[in-house]
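Single-structure report; data block below.
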């Protein structure tokens, strides 16, 4: 049904959509430091409104990057 690259992108999108505050997508990709930084960044975003704005932009950009990767996957 899906190619391996498409499955990987869908998995990463799922983890990003549900687990972005916990950095689940970063941990899945093997980026442990990035995962902990994602958790700290989300906690900072909860404390300040400005932090929330800065947290939303990377979230949206990564979502669109993964969607483009899914769209451009080889058939």
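Residue numbers (the numbering used here): 263 to 337.
For glycine and all other residues, C-beta sits at the position ideal for the given N, C-alpha and C.
Cutoff 7 Å: residue i Cβ touching any chain C Cβ
i, result
"residue 330", "In the structure shown, chain C does not exist; there is a single protein chain."
Alpha-carbon spacing of residue i relative to residue j, whole angstroms
i, j, result
"residue 317", "residue 332", "23 Å"
"residue 270", "residue 305", "28 Å"
"residue 312", "residue 334", "34 Å"
"residue 283", "residue 308", "10 Å"
"residue 273", "residue 310", "30 Å"
"residue 326", "residue 315", "17 Å"
"residue 300", "residue 280", "14 Å"
Where residue i falls, given that 16 or more other Cβ within 10 Å makes a residue buried
i, result
"residue 288", "buried"
"residue 351", "Outside the shown range of the chain (263 to 337) lies residue 351, about which nothing can therefore be said."
"residue 278", "buried"
"residue 292", "exposed"
Extent of the continuous alpha helix (DSSP H) run through residue i
i, result
"residue 313", "311-333"
Proximity test, residue i beta-carbon vs the ligand NAP heavy atom, cut-off 6 Å
i, result
"residue 267", "The ligand NAP is not part of this structure, which contains no ligands at all."
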